[in-house]
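Visitor: This is the structure I have questions about; it appears just below.
Residue numbers (our numbering): 1 to 352.
Right, dumping it as structure tokens:
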């Protein structure tokens with residue numbers, strides 16, 4: 001068979017691979033005829049060149065054909081990225097959708113236009129011209145709803161960038177430098193300090209969103225029979241104490257806050273907030289700290305109150321077996337030190 005140097009285009013290659021996967025027994029000529037029925041006129045020689053180019057002439061499995069097809073699809077999708085379609089930042093105008101004032105129904109007129117340079121994940125960098133309208137009667141200002149949903153006020157990075165950074169830092173546990181490198185691949189320039197700032201804002205927005213969803217969370221817990229309020233506090237060194245509340249049934253975190261001390265006067269407002277947002281729990285579970293005990297008795301009077309088994313066993317274990325545990329923990333170290341003195345350089349395996 002006479003071969004030509006022509007390779008099918010990316011679109012043609014995708015069509016060829018799809019038909020070959022669907023009809024693996026077709027010859028090159030039959031495959032070319034099949035494609036003609038889809039208004040694709042590709043010579044059998046070009047089809048063979050495609051298979052030669054990817055090493056698919058020798059009998060290959062359908063999996064290898066699918067893998068080749070996937071590579072073409074990924075390449076095609078990459079080539080239609082907005083940032084590649086529009087290498088020069090475009091200009092997009094944003095104006096309110098209203099033609100009358102939402103407050104008094106008065107006529108709206110243009111107060112001013114404001115240029116902004118913005119960046120989002122799905123558009124990339126672009127120029128925005130924001131048209132701000134004002135009511136001729138009550139002077140109420142109206143801004144573009146689309147722009148407000150796209151970017152925070154006075155910011156140049158979209159909400160989607162903020163969410164990407166927040167998830168990368170707190171869910172995928174990436175460092176600021178790693179986040180900067182990931183965004184650079186998406187043609188978004190940001191500094192490590194900027195990534196850290198976005199991460200902090202992400203936490204604030206998440207806390208606000210969680211608080212606004214309290215009614216939905218309460219209804220979801222009600223449908224499961226209510227909630228069991230699990231309380232626990234932790235701290236590292238001299239840092240503020242982080243106290244958290246969790247519904248033991250749904251595993252939903254209800255609330256958490258940093259407190260200067262784990263005492264009654266600081267825990268009471270925290271429990272009052274839980275009570276206001278989610279109502280009275282079925283029961284409470286917590287450690288034996290005096291501050292939590294007094295605060296719970298004060299805010300949730302009459303609610304069944306239980307001691308956490310883990311904290312109970314850990315505390316009673318320290319009381320009964322603390323000294324013995326210290327002896328067992330320290331003895332191997334002391335013995336190893338004595339052996340090191342007697343047999344220098346021969347106790348590496350003992351320490352392991």
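Cβ coordinates follow ideal geometry from the N, Cα and C atoms, glycine included. All figures in this text were calculated on a predicted structure; none of them were measured in a lab.
Near residue 145, which residues of its chain fall below 8 Å by C-beta distance, leaving aside the five closest residues on each side in sequence?
Guide: Same-chain partners within the cutoff: 96 and 97.
Visitor: Grab me the residues of residue 255's own chain with a C-beta within less than 8 Å of its C-beta, minus the 5 sequence neighbours each way, in chain order.
Guide: Excluding positions up to five away in sequence, the list reads 244, 245, 270, 273, 274 and 277.
Visitor: If you drop the 5 nearest sequence neighbours on each side, which residues of the same chain put their C-beta closer than 8 Å to that of residue 16?
Guide: Excluding residues within five positions, the ones whose Cβ falls inside 8 Å are 8, 31, 35, 42, 47 and 50.
Visitor: For residue 102, tell me which candidate among 300, 122, 143 and 179 has the shortest Cα-Cα distance.
Guide: Considering only alpha carbons, the answer is 143.
Visitor: Cβ atoms of residue 321 and residue 305: under 7 Å apart, would you say?
Guide: Contact flag unset, no.
Visitor: Is there contact here, the stretch 176 to 192 with the stretch 223 to 236, by at least three beta-carbon pairs under 8 Å?
Guide: The stretch 176 to 192 is not in contact with the stretch 223 to 236.
Visitor: Would you check if the stretch 234 to 241 and the stretch 194 to 202 touch, i.e. whether three or more CB-CB distances between them fall below 8 Å?
Guide: Taking 8 Å as the limit for Cβ pairs, the verdict is that the stretch 234 to 241 does not touch the stretch 194 to 202.
Visitor: Reducing DSSP to helix, strand and coil, say where residue 94 ends up.
Guide: Three-state result, residue 94: strand.
Visitor: Taking 7 Å as the threshold (C-beta atoms), are residue 176 and residue 195 in contact?
Guide: Yes, the pair counts as a contact, with Cβ atoms nearer than the cut-off.
Visitor: I believe residue 300 touches residue 281 by the beta-carbon criterion, under 8 Å. Please report the beta-carbon distance rounded to the nearest angstrom.
Guide: At roughly 7 Å, the Cβ-Cβ gap stays under 8 Å, so residue 300 and residue 281 are in contact.
Visitor: When DSSP builds the beta bridges, which residues end up paired with residue 127?
Guide: For residue 127, which the question treats as bridged, DSSP gives the partners 91 and 117.
Visitor: What do you reckon, are the CB atoms on residue 65 and residue 20 nearer than 7 Å?
Guide: In contact: residue 65 and residue 20 (Cβ atoms closer than 7 Å).
Visitor: Near residue 44, what residues of its chain come up, given a Cβ to Cβ distance below 7 Å and the 5 sequence neighbours on each side ignored?
Guide: Answer for residue 44: 28, 29 and 32, listed in chain order.
Visitor: Looking only at C-alpha atoms, which of 25, 56 and 12 sits nearest to residue 39?
Guide: Nearest of 25, 56 and 12 to residue 39, Cα basis: 12.
Visitor: Rounding to the nearest angstrom, what Cα-Cα distance links residue 267 and residue 258 in this structure?
Guide: One C-alpha to the other measures close to 10 Å.
Visitor: From which residue to which residue does the alpha helix (DSSP H) around residue 148 run?
Guide: From DSSP, the alpha helix (DSSP H) with residue 148 extends over 145 to 150.
Visitor: Pick out whichever of 75, 298 and 292 has its Cα sitting closest to the Cα of residue 308.
Guide: Checked all of 75, 298 and 292; the closest Cα to residue 308 is 292.
Visitor: Look at the alpha carbon of residue 186 and the alpha carbon of residue 126, and state the distance between them as a whole number of angstroms.
Guide: One C-alpha to the other measures close to 14 Å.
Visitor: With which residues is residue 135 paired in a DSSP beta bridge?
Guide: Paired residue(s): 108.
Visitor: To the nearest angstrom, how far is the alpha carbon of residue 100 from that of residue 113?
Guide: Approximately 18 Å between the Cα atoms of the pair.
Visitor: Determine the DSSP secondary structure at residue 224, reduced to helix, strand or coil.
Guide: Coil.
Visitor: Could you tell me which residues DSSP pairs with residue 247 in its beta bridges?
Guide: Bridge partners of residue 247: 229.
Visitor: Quick check for students: name the residue ranges of the alpha helix (DSSP H) that lie wholly in the stretch 292 to 317, counting only runs of 4 or more.
Guide: Complete alpha helix (DSSP H) runs here, min 4: none at all.
Visitor: To the nearest angstrom, how far is it from the Cα of residue 262 to the Cα of residue 297?
Guide: Rounded to whole angstroms, residue 262 to residue 297 spans 15 Å at the Cα level.
Visitor: Of the residues 234, 251 and 279, which one's Cα is nearest the Cα of residue 260?
Guide: It is 234 whose Cα lies nearest to the Cα of residue 260.
Visitor: Excluding sequence positions up to five away, which residues of its chain have a Cβ less than 8 Å from the Cβ of residue 193?
Guide: Answer for residue 193: 176, listed in chain order.
Visitor: What's the gap between the Cα of residue 105 and the Cα of residue 115?
Guide: The alpha-carbon atoms of residue 105 and residue 115 are separated by roughly 28 Å.
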